[in-house]
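Asker: Numbering (our numbering), first residue to last: 44 to 172. From the three backbone atoms N, C-alpha and C, an ideal C-beta is built for every residue, glycine too. Computed from a prediction, not measured in an experiment: that's the story for all the values here.
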Amino acid sequence: MRRVEAFAGGRQDDVDGLLRETDDWARTLTGALGELADERLAGADPSEVVRAEVSGTGRLRGLSIDPRGLRDLDHVQLAQAVCAAIAAAHLAMGERLAEVVEDLTGRAPDTAGTADPLDGHIRNVLRGE
Numbered sequence: 044m045r046r047v048e049a050f051a052g053g054r055q056d057d058v059d060g061l062l063r064e065t066d067d068w069a070r071t072l073t074g075a076l077g078e079l080a081d082e083r084l085a086g087a088d089p090s091e092v093v094r095a096e097v098s099g100t101g102r103l104r105g106l107s108i109d110p111r112g113l114r115d116l117d118h119v120q121l122a123q124a125v126c127a128a129i130a131a132a133h134l135a136m137g138e139r140l141a142e143v144v145e146d147l148t149g150r151a152p153d154t155a156g157t158a159d160p161l162d163g164h165i166r167n168v169l170r171g172e
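#1: Determine the closest residue to V143 out of L61, E78, S98, P89, with distance taken between C-alpha atoms.
#2: Starting from G105 and walking both ways along the alpha helix (DSSP H), at which residues does that stretch end?
#3: Tell whether a beta-carbon distance below 8 Å holds between L134 and A75.
#4: According to DSSP, simplified to helix, strand and coil, what is G137?
#5: Measuring alpha carbon to alpha carbon, tell me which of E145, V125, G149, R139 ends up nearest V93.
#6: So if DSSP puts G149 in a beta bridge, which residue, or which two residues, is it bridged to?
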């Protein structure tokens, strides 16, 4: 990302190089996101009665409930456990996505120097709130 940083620093003399570099980066990002879509990430509610599995794009792929744990849960608690398990799986997906971005950029998303204005919204979506 040498040209991108130079361009951001005010040296706009190599636009063709910048476009090539961003095109390569976009191709790499598309490939990484395609691989992430094939991954399965899991989460469980705090009691581990309910387990959820989502794809790397956040789509629910599986849900399992331990029948022994049902003895202690009523229908409302079961619904809350399902929601908690899905939220935990989405958080795992978000963490994996952050790893992919860090691998591609060479730095953690938090170290960009500026706060992401959508960070709170994204975290709420990942938690299912």
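Answerer: Taking the structure as given:
#1: Here the question's residue 143 lines up with position 100 in the sequence shown. Checking every option, the nearest Cα to that of V143 belongs to E78.
#2: The residue labelled residue 105 in the question sits at position 62 within the sequence shown. Careful: G105 lies outside any alpha helix (DSSP H), inside the beta strand (DSSP E) at 103-108.
#3: By one-based count along the sequence shown, residue 134 stands at place 91. By one-based count along the sequence shown, residue 75 stands at place 32. No. Outside cutoff.
#4: Your numbering for residue 137 matches position 94 in the sequence shown. If DSSP states are grouped into helix, strand and coil, G137 belongs with the helices.
#5: Counting from one through the sequence shown, the residue named residue 93 turns up at place 50. Residue V125 is the option with its Cα nearest to V93.
#6: In the sequence shown, counting from the first residue as 1, residue 149 sits at position 106. Answer is none; G149 lacks a bridge partner.
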